[in-house]
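**Q**
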Amino acid sequence: MDVREATSESHTAVWIKTFVLEVADKIGRSCMGAIVCDSTGNTRLHRELVADEIPTLFNLPDIVHFISNTIKDIVRLPCFGSTITILRATITKFHKSHLGDSELKIAHSLLGIRKGLDAIGKTRFGTVIIAAWSLQLNIPSIRKIVERGKFDIGENLASHFRGKTRASLEFEFGLSRLIDLGSPALKALTCLEANEATPGDVYIFWHAMIWAMKEALMNPDAEYSQEVQEQVLGILNSRHDQIFGSGNLATAANLYLSGVYLDPTYLQSDLF
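Add 20 to the 1-based position in the sequence shown for the working numbering, that's all there is to it.
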C-alpha cells in the first residue's frame with residue numbers, strides 16, 4: 021500500500037496511472053495480476069491505461085461499488101419514493117433526539133426487541149435496505165412510543181405507526197417490498213466484500229442476485245405494476261449488459277466465467 025499527499029494536484033487518469041505504475045515497479049510488474057477500482061471517469065480510464073502498459077494485467081471494475089450503484093438505481097424509482105421518505109424522516113427523528121432515543125430503549129425493554137435503528141449512508145446505497153430492515157423490526161417499538169405519547173414524532177409520521185390504519189398498512193407493505201427486492205443485492209454485495217472472494221464468486225453471486233430480484237419482482241403478492249416491473253428489469257438488464265455483455269465495464273466478463281469454470285467446487289454442479 022502506498023499513499024501520497026496530492027491535494028494540490030489534479031487527479032487525472034494519467035496522474036493516477038503514473039502513481040500506480042510507480043508502485044507496480046517497486047513490486048515488479050510481473051507480480052501484478054489485476055487492477056481493481058471503482059468506475060468513475062478518471063479511475064476507469066486509468067485502469068485501461070495501466071492495462072495497456074502491463075498487457076498481462078486483468079482490468080477489473082469494483083463489483084461491490086457496481087452492485088451498490090445497482091441498488092441506487094432501484095431505490096430511486098418513484099414507486100419507493102414515499103416509503104423511503106418516511107423511512108429517512110423516522111430514523112432522523114429518533115437519531116436527533118435524546119428523548120426519542122430514551123423512549124426507543126424503553127419500548128425495546130417492554131417488547132423484548134434488541135435491534136435499534138440503522139442510519140442511511142450518503143453513498144453506501146445498501147444502507148437504505150439495512151435501514152428499512154431495522155425499521156421493520158422496530159415498527160412495534162415505534163407504535164408503542166406513539167401510544168405512550170411522551171415523544172412527539174409529528175402527526176404525519178405518527179399516522180404511519182398508529183394501529184392498523186390504511187397509512188400504516190400501506191407503509192408496512194411498501195417497506196416489505198423494498199426489503200424483498202433490495203435484499204438479494206445487499207447480500208451479494210456483503211459476500212463479495214470478503215477478502216476470500218474470487219472472480220468466479222462474482223459470476224455466481226451476480227447471477228443469483230438478479231434471479232432472486234426477478235423472483236421478488238414477479239411475486240404476485242408484491243403487486244408491482246407492469247410499469248414498475250419493466251423499470252426494474254430495465255435496470256437489471258442494463259447493468260448486466262454493462263458488466264457481462266457489450267458495456268464499458270465488460271473487460272472482465274470472460275475472467276468471471278473462467279473463474280467459475282476452473283473452480284473445482286463446481287465440477288459436479290449443474291452450472292455447466
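Glycine included, every Cβ here is placed at the ideal spot set by N, Cα and C.
Using a Cβ-Cβ cut-off of 6 Å (strictly less than) and excluding sequence neighbours within five positions of Pro219, which residues of its own chain qualify?
**A** Closer than 6 Å at the Cβ level, and outside the excluded window around Pro219, lie Leu275, Tyr276 and Gly279.
**Q** Buried or exposed for Ala214, going by 16 or more other Cβ atoms inside 10 Å?
**A** It is exposed - the Cβ of Ala214 has fewer than 16 other Cβ atoms within 10 Å.
**Q** According to the neighbour-count rule (16 or more other Cβ atoms, all chains shown, within 10 Å of its Cβ), is Asn176 buried or exposed?
**A** Result: exposed.
**Q** Can you list the beta strand (DSSP E) stretches of 3 or more residues lying completely in the region 149-183, in chain order?
**A** Whole beta strand (DSSP E) segments, 3+ residues: zero.
**Q** Look at the alpha carbon of Thr76 and the alpha carbon of Tyr281, and state the distance between them as a whole number of angstroms.
**A** If I take the Cα positions, the gap works out to 20 Å.
**Q** Using the rule of at least 16 other Cβ atoms within 10 Å of the residue's Cβ for burial, across every protein chain shown, is Asn158 buried or exposed?
**A** Buried.
**Q** Write down the C-beta distance between Ala127 and Lys164 rounded to the nearest angstrom, noting that I regard them as a contact closer than 8 Å.
**A** Indeed they touch by this definition, with Cβ atoms about 4 Å apart.
**Q** DSSP three-state label for Val23, please.
**A** Note: Val23 maps to coil in three-state DSSP.
**Q** Where in the region 192-253 do unbroken runs of the alpha helix (DSSP H), each at least 4 residues long, occur, reported from the N-terminal end onward?
**A** Runs found: 219-238.
**Q** Quick one: measure Cβ to Cβ for Ser88 and Leu209, integer angstroms, because I've assumed they're closer than 8 Å.
**A** With 8 Å as the limit, Ser88 and Leu209 qualify as a contact, their Cβ atoms being about 6 Å apart.
**Q** If you run the structure through DSSP and keep just helix, strand and coil, what is Ala54?
**A** Of the three classes helix, strand and coil, the one that applies to Ala54 here is strand, per DSSP.
**Q** Look at the Cβ atom of Val56, then the Cβ atom of Asp82, and state whether they are nearer than 8 Å.
**A** Yes.
**Q** Could you work out which residue in Pro98, Arg134 and Lys170 is closest to Ser154 when comparing CA atoms only?
**A** Ranking Pro98, Arg134 and Lys170 by Cα distance to Ser154 puts Arg134 first.
**Q** Is Phe78 helix, strand or coil by DSSP?
**A** The answer is strand: DSSP assigns Phe78 an E or B state.
**Q** Can you tell me which of the three DSSP states Phe379 falls into?
**A** Outside the displayed span of the chain (21 to 292) sits residue 379, for which this structure offers no information.
**Q** Jot down the residue ranges of each uninterrupted beta strand (DSSP E) in the region 64-146, minimum 3 residues, whole runs only, in chain order.
**A** Runs found: 78-81.
**Q** Sort Glu29, Ile224, Gln156 and Gly183 by Cα distance to Gly194 and report the nearest one.
**A** Closest by alpha carbon: Gln156.
**Q** Roughly how many angstroms lie between the CA atoms of Ser179 and Leu97, to the nearest whole one?
**A** Ser179 and Leu97: Cα-Cα distance of roughly 24 Å.
**Q** If I measure Cβ to Cβ from Leu212 and keep anything under 8 Å in the same chain, skipping five residues before and after, which residues do I get?
**A** Contacts found: Ile83, Val84, Ile87, Asp221, Val222 and Phe225.
**Q** Give me, in chain order, the residues of the same chain whose beta-carbon lies closer than 8 Å to that of Cys124; leave out the 5 immediate sequence neighbours on both sides.
**A** Going by the sequence as given, residue 124 is Leu instead of Cys. Closer than 8 Å at the Cβ level, and outside the excluded window around Leu124, lie Phe114, Gly136, Leu137, Asn158, Ser161, Ile162 and Ile165.
**Q** Three or more C-beta pairs closer than 8 Å, one from the region 58-74 and one from the region 104-121: is that the case here?
**A** Touching, no, given that fewer than three Cβ pairs across the two stretches are closer than 8 Å.
**Q** Specify, as a first and last residue, the run of the alpha helix (DSSP H) that Ser278 falls within.
**A** Counting along the chain, the alpha helix (DSSP H) containing Ser278 begins and ends at Ala273 to Tyr281.
**Q** Mark Lys37 as exposed unless 16 or more other C-beta atoms lie within 10 angstroms of its C-beta, in which case mark it buried.
**A** Burial call: buried.
**Q** Can you tell me which of the three DSSP states Asp45 falls into?
**A** Looking at Asp45 - three-state DSSP - the assignment turns out to be helix.
**Q** Between Gln262 and Leu269, is the Cβ-Cβ spacing less than 8 Å?
**A** Yes, the Cβ-Cβ distance between Gln262 and Leu269 is below 8 Å.
**Q** If the criterion is Cβ atoms closer than 8 Å, does the pair Leu201 and Ala236 meet it?
**A** Going by C-beta atoms, Leu201 is nearer than 8 Å to Ala236.
**Q** Checking 8 Å against the spacing of the C-beta atoms, do Ala272 and Leu80 come in under that value?
**A** Cβ atoms of Ala272 and Leu80: closer than 8 Å.
**Q** Quick one: grab the DSSP three-state call for Ser289.
**A** The answer is coil: DSSP assigns Ser289 none of H, G, I, E or B.
**Q** Going by beta carbon distance, what residues of the same chain come within less than 8 Å of Ala44, once the five residues before and after it are set aside?
**A** Here the set comprises Met52, Val70 and Ile74.
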